[in-house]
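Take the sequence shown: its position 216, counted from the start at 1, is 336 in our numbering, and no numbers get skipped. Just so it is clear, CB atoms sit at the ideal spot from N, CA and C, and this is done for glycine as well.
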Amino acid sequence: MSQIAINTSQNVNINFSTASVGDRMIAFILDLLIKVAYGIAVLYVFFNLLNLGYLLTGLDQWSVMAVYIILLFPTVIYPVVLESLMEGQTPGKKVMKIRVVKIDGYQAGLGDYMIRWVFRIIDTSFAGVIGLIFMIVSKNNQRLGDMAAGTAVISLKNNINISHTILENIQENYIPTFPQVIALSDNDMRIIKDNYLKALRADDRQIINKLSEKIKSILKLDIDPTKMTERQFIGVVIKDYNYYTGKEN
């Protein structure tokens, strides 16, 4: 299963596994069952409950076809509408915990979903063999519609822990202490957080001390040790950075 890097709003790459061909096929079948159930229900209501079948009497073949298209039109636009409303998912995709995303990290929009929808005509040709071949041979398991739209389908089954990134949970009413942290880069913060967490797990006070002194040196800060311990200082720096970079984005 290949990996794809999705860029967060704070320029952090998080690796996700692309959805497997099996998961995508099951999601497709589940959505197909929903569409079939809808079609059966609508036709039953039209012909049996409302007894409107007489309206088709005397109509030519094209007119009858037009009536059926109108009745079943929701099944045609089902993928593009639901993916737009459910942020890249359909009920089938939601059950299988997969989602459509832009490979450049931006949120996929209506135009992207429409491109995928249009190319579905080709991808589902020959009982879906065309789309299946593209998914198997492409790097990110993309069908032709994904390639045209610049999207991929990822698995949400990954357990991405916030500690694996520079992201940090902060309260909405959080008040930052050190505005100087904006001088740091995402890479600087990633190194700081990685080393800090490793030092905490090993209870390595020497690393924590060196890390604290290095940060103070870079940011030109003079902290009173009686008011803030080194661990508290590093923790505040990480949260402040997330506060300011999050605010800018």
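Alpha-carbon spacing of residue i relative to residue j, whole angstroms
{"i": "MET348", "j": "TYR364", "result": "21 Å"}
{"i": "ILE235", "j": "LEU192", "result": "21 Å"}
{"i": "LEU339", "j": "TRP237", "result": "51 Å"}
{"i": "ILE343", "j": "THR271", "result": "47 Å"}
{"i": "THR177", "j": "LEU163", "result": "16 Å"}
{"i": "GLY355", "j": "LYS277", "result": "29 Å"}
{"i": "ILE358", "j": "ASN293", "result": "16 Å"}
{"i": "THR210", "j": "PRO199", "result": "7 Å"}
{"i": "ILE274", "j": "THR138", "result": "4 Å"}
{"i": "ILE280", "j": "GLU333", "result": "A caution first: ILE280 carries a pLDDT of 48, below 50, which makes its placement in the model unreliable, though a value can still be read off. Rounded to whole angstroms, ILE280 to GLU333 spans 31 Å at the Cα level."}
{"i": "SER305", "j": "LYS259", "result": "31 Å"}
{"i": "TYR316", "j": "ASP308", "result": "12 Å"}
{"i": "ALA161", "j": "ALA269", "result": "33 Å"}
{"i": "ILE250", "j": "ILE242", "result": "7 Å"}
{"i": "ILE335", "j": "ARG310", "result": "13 Å"}
{"i": "GLN262", "j": "ASP143", "result": "13 Å"}
{"i": "ASN168", "j": "MET267", "result": "44 Å"}
{"i": "ILE282", "j": "GLN181", "result": "Summary for ILE282: the model assigns pLDDT 46, below 50, so the residue's position carries little reliability; its value from the coordinates is reported in the next sentence. About 59 Å."}
{"i": "MET185", "j": "LEU179", "result": "10 Å"}
{"i": "LEU341", "j": "ILE253", "result": "58 Å"}
When the options are compared against residue i, the one with the closest alpha-carbon
{"i": "GLY208", "options": "PRO199, LYS214, ARG219", "result": "ARG219"}
{"i": "GLN300", "options": "SER337, LYS313, PRO345", "result": "SER337"}
{"i": "ASP360", "options": "LYS330, LEU317, GLN291, SER183", "result": "GLN291"}
{"i": "ILE312", "options": "ASP323, PHE298, ILE328, ALA322", "result": "ILE328"}
{"i": "LEU264", "options": "ALA319, LEU169, PHE239", "result": "PHE239"}
{"i": "ARG351", "options": "ALA319, SER140, LYS155", "result": "ALA319"}
{"i": "LYS213", "options": "ALA303, VAL141, ARG325", "result": "VAL141"}
{"i": "ILE146", "options": "ILE197, PHE136, LYS217", "result": "LYS217"}
Residue span of the alpha helix (DSSP H) that contains residue i, given as start and end
{"i": "SER63", "result": "Residue 63 lies beyond the residue range present for the chain, which begins at 121 and ends at 369; the question has no answer from this structure."}
{"i": "THR195", "result": "181-205"}
{"i": "VAL141", "result": "141-164"}
{"i": "ALA247", "result": "245-257"}
Span of the beta strand (DSSP E), counted from its first residue to its last, around residue i
{"i": "ALA272", "result": "271-275"}
{"i": "ARG310", "result": "Careful: ARG310 lies outside any beta strand (DSSP E), inside the alpha helix (DSSP H) at 306-322."}
{"i": "ARG219", "result": "218-222"}
- Message: With three or more C-beta pairs closer than 8 Å as the rule, is the stretch 197-207 touching the stretch 219-231?
- Response: yes
- Is the stretch 172-191 touching the stretch 148-158, taking contact as three or more C-beta pairs under 8 Å? no
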